[in-house]
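Take 0 as the starting number for the sequence shown in numbering that gives the first Met the number 0 and just add one per residue. Glycine is no exception: its CB is placed at the ideal position from the N, C-alpha and C atoms. Just so we're clear, the structure is a prediction, and the values are computed from it rather than from any experiment. Okay, structure first, notes after.
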Amino acid sequence: MTSNTLQGRISQHQYLRDLRNKLLRMHSCLLDTERIIYEQEHGRVSNGELLHLVLEHEQFAWLHRISQLVVKIDEILSADEPVSHEDAQNLIANARTLIAPSELGNAFARKYYAALQREPDVVLAHAQLSELLAASK
Numbered sequence: 000m001t002s003n004t005l006q007g008r009i010s011q012h013q014y015l016r017d018l019r020n021k022l023l024r025m026h027s028c029l030l031d032t033e034r035i036i037y038e039q040e041h042g043r044v045s046n047g048e049l050l051h052l053v054l055e056h057e058q059f060a061w062l063h064r065i066s067q068l069v070v071k072i073d074e075i076l077s078a079d080e081p082v083s084h085e086d087a088q089n090l091i092a093n094a095r096t097l098i099a100p101s102e103l104g105n106a107f108a109r110k111y112y113a114a115l116q117r118e119p120d121v122v123l124a125h126a127q128l129s130e131l132l133a134a135s136k
């Protein structure tokens, strides 16, 4: 993905928007699975309670890494200056690293792996995100 031309910068900007949207979709799927697990143990929660849990409860803390990456993308896309090729490549690399499931990896990778094993929507979102990331190589 080159960003030397105006068309290249436009394509890069669109790609990062697509990446952001696919990360948000993944976050939503993962949040739904965590909510189900939480509610099975603690009973039904309202949307307001869920928001509090997402912000404060350790069961949902692993999802913050996706949120943080989305925020970084938003900040770069809304900046006054054009997105640098280096910044775009760093965000893409961060996304690739983040969505690498592993039974033996860090806490995020293990929880992500487990979600992929139990939830078809997570598998679909992962496939779409992986396809987008593969297109940037």
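- The segment 8-90 is shown to contain no whole beta strand (DSSP E) run of 3 or more residues.
- Three or more Cβ pairs closer than 8 Å define a contact, and the segment 71-81 falls short of that threshold against the segment 104-123.
- In the pairwise beta carbon analysis, the segment 51-60 is classified as not touching the segment 10-22: fewer than three pairs are separated by under 8 Å.
- In the three-state DSSP reduction, P100 falls in the coil class, being neither helix nor strand.
- H84 and S135 have their C-alpha atoms spaced approximately 12 Å apart.
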